[in-house]
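Residue numbers (the working numbering), protein chains in the order written: chain P, 1 to 280; chain L, 1001 to 1182. Even glycine gets a Cβ: it sits at the ideal position worked out from N, Cα and C. Everything below concerns the one structure shown next.
Here it is as structure tokens:
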């Protein structure tokens, strides 16, 4: 076996609805490939548990049954739900994981996620024994936070496998440790243009920008970014990037900065995060 | 940090001359590396490319609902001591603007074993007035062509969808049924 200490491996797989690229270095190449395999498996596991698109996921079971009776979920799903609801409370609803019915209504999520009288994060209760209960029919979509959580899980796996440095990048939401990287932010008016450059040495960066998902629904311009407090889509030329210690946080905080910049200020300070807002 | 939220008002988007449009390009794995990563226990990979007939193409399109663009499919049989372990199929799909090379590994029973992206590229314009952007190339420009593809490694912003790969998997699973399954 060759022990080339300076080796670095770089691979990419289609996961989380996008392309997930992992770069890792600092140990022998065969060990790095094994570490990458485990990291991809960790992401795949989170996806299988928490994807709203997958009718067989644990989240889909919650959406189907938690209104009728409490449903026991995995430790990971319970952690993500707790973090999501805490962020909802702290942002007074500027982050809300229950907006899926609106997106389904506009054709941005599968039609089976539609609900007649959508509720809010306040209708979700977490009970002892990892049980989840809805007080009215809801659809949870953890897309705004679970992608970051999956990236965090991949980073933990790579660290545990002994990698000295790594970057996990899921279509622009990313986390890094060990060696600094440059990240280019897309121009909010034209995704094929790059704009700002940010250096990131440790931690995570996530960006929310409505420019790729904007489309017309009954002559109204809509996007996947919905202000939960009024149910309207963001179609402004704006992009919000948040740098935070962990990726679930960066992912979730972009929405708070987008809908309630005032509330975001305190939250960013509390979590040691910063935001970069691009408008044009 | 004096302020937790930093705001930048960008100048209007300008795409500059085509000659200077940078490219994000990542060559992840060669076909050979992907074969070995997908089937570590294999002792040999036997080339078994398939030339599809018009009827086979029709059958694949009908079953998968995805158009077949190429009539030759690159395939390797992964074997250990003559025993079939599965297949590695190399394919390409159109990404945002450019083709993405990828490989699908199937187990001997035709189930998906692994997917690896082999080669990914995207072309970009950039903001000519961006100082940090230009600073990145200071000292690198020597009358020669800029090798921008080596400099852009991470891009954040609107997320690209991997739907084309998902469609590609559907198409290759039908390809397996029509052309590989014994």
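Under 7 Å from the C-beta of residue i: neighbouring residues of chain P
i, result
"residue 1161 of chain L", "17, 18"
"residue 1165 of chain L", "14"
Closer than 8 Å to chain P by CB, residue i
i, result
"residue 1181 of chain L", "no"
"residue 1007 of chain L", "yes"
"residue 1103 of chain L", "no"
"residue 1037 of chain L", "yes"
"residue 1111 of chain L", "no"
"residue 1120 of chain L", "yes"
CB contact check: residue i to chain L, cutoff 8 Å
i, result
"residue 247 of chain P", "no"
"residue 70 of chain P", "no"
"residue 274 of chain P", "yes"
"residue 171 of chain P", "yes"
"residue 105 of chain P", "no"
"residue 239 of chain P", "yes"
"residue 108 of chain P", "no"
"residue 174 of chain P", "yes"
"residue 167 of chain P", "yes"
Interface partners of residue i on chain P, CB under 8 Å
i, result
"residue 1029 of chain L", "11"
"residue 1116 of chain L", "11, 12, 13"
"residue 1026 of chain L", "10, 12, 21"
Residue i Cβ short of 7 Å to the ligand FAD heavy atom set
i, result
"residue 1056 of chain L", "No copy of the ligand FAD appears in this structure; indeed no ligand is present at all."
Below-8 Å beta-carbon distance, residue i vs any chain B residue
i, result
"residue 1156 of chain L", "Any reference to chain B falls outside this structure, whose protein chains are P and L."
Counted within 10 angstroms of its Cβ, other Cβ atoms place residue i as buried (16 or more) or exposed
i, result
"residue 1046 of chain L", "exposed"
"residue 283 of chain P", "No answer is possible for residue 283 of chain P: the residues shown for chain P start at 1 and end at 280."
"residue 184 of chain P", "buried"
"residue 1181 of chain L", "exposed"
"residue 1122 of chain L", "buried"
"residue 100 of chain P", "buried"
"residue 1174 of chain L", "buried"
"residue 1196 of chain L", "Residue coverage of chain L in this structure runs from 1001 to 1182, which leaves residue 1196 of chain L outside it and unanswerable."
"residue 224 of chain P", "buried"
"residue 1058 of chain L", "exposed"
"residue 1083 of chain L", "exposed"
"residue 13 of chain P", "buried"
"residue 1111 of chain L", "exposed"
"residue 230 of chain P", "exposed"
"residue 1055 of chain L", "exposed"
"residue 1164 of chain L", "buried"
"residue 150 of chain P", "buried"
"residue 48 of chain P", "exposed"
"residue 264 of chain P", "buried"
"residue 270 of chain P", "exposed"
"residue 144 of chain P", "buried"
Within chain L, the residues that residue i reaches when beta carbons sit closer than 9 Å
i, result
"residue 57 of chain P", "Going along chain L, no residue has its Cβ under 9 Å from residue 57 of chain P, so there is no contact; the nearest lies around 16 Å."
"residue 234 of chain P", "Going along chain L, no residue has its Cβ under 9 Å from residue 234 of chain P, so there is no contact; the nearest lies around 12 Å."
Residues near residue i by beta carbon distance below 7 Å, same chain, minus five either side
i, result
"residue 199 of chain P", "180, 182"
"residue 38 of chain P", "157, 161"
"residue 267 of chain P", "90, 91, 253, 256"
7 Å Cβ cut-off: residues of chain L touching residue i
i, result
"residue 207 of chain P", "1156, 1157"
"residue 33 of chain P", "1037"
Close-in-space but distant-in-sequence residues of the same chain around residue i (CB under 6 Å, 5 per side omitted)
i, result
"residue 1156 of chain L", "none"
"residue 155 of chain P", "168, 175"
"residue 1090 of chain L", "1031, 1074, 1103"
"residue 172 of chain P", "207"
"residue 202 of chain P", "177"
"residue 88 of chain P", "95, 96, 121"
"residue 1039 of chain L", "1078, 1085"
"residue 1109 of chain L", "none"
"residue 118 of chain P", "101"
Contacts of residue i in chain L (Cβ-Cβ under 8 Å)
i, result
"residue 279 of chain P", "1007, 1008, 1009, 1010"
Own chain partners of residue i with C-beta closer than 8 Å, once the 5 adjacent residues on each side are dropped
i, result
"residue 1144 of chain L", "Note on residue 1144 of chain L: pLDDT 32, under 50, position unreliable in the model; the coordinate value appears next. Within the same chain, residue 1144 of chain L has no close Cβ partners at all."
"residue 284 of chain P", "It is not possible to answer for residue 284 of chain P, since the shown part of chain P is limited to 1 through 280."
"residue 1043 of chain L", "1079, 1080, 1081"
"residue 123 of chain P", "98, 134, 135, 136, 138"
"residue 127 of chain P", "70, 133"
"residue 1028 of chain L", "1116, 1117, 1118, 1119, 1120"
"residue 82 of chain P", "126"
### Query
If contact means a Cβ-Cβ distance below 7 Å, which residues of the segment 1069 to 1092 of chain L contact chain P?
So the list is empty, because no residue satisfies the distance condition.
### Message
Please identify, using Cβ separations under 8 Å, the residues of the segment 258 to 270 of chain P that lie next to chain L, in order along the chain.
### Response
Close to chain L, meaning a Cβ-Cβ distance shorter than 8 Å, are the following residues of the segment 258 to 270 of chain P: 261, 264, 265, 268, 269.
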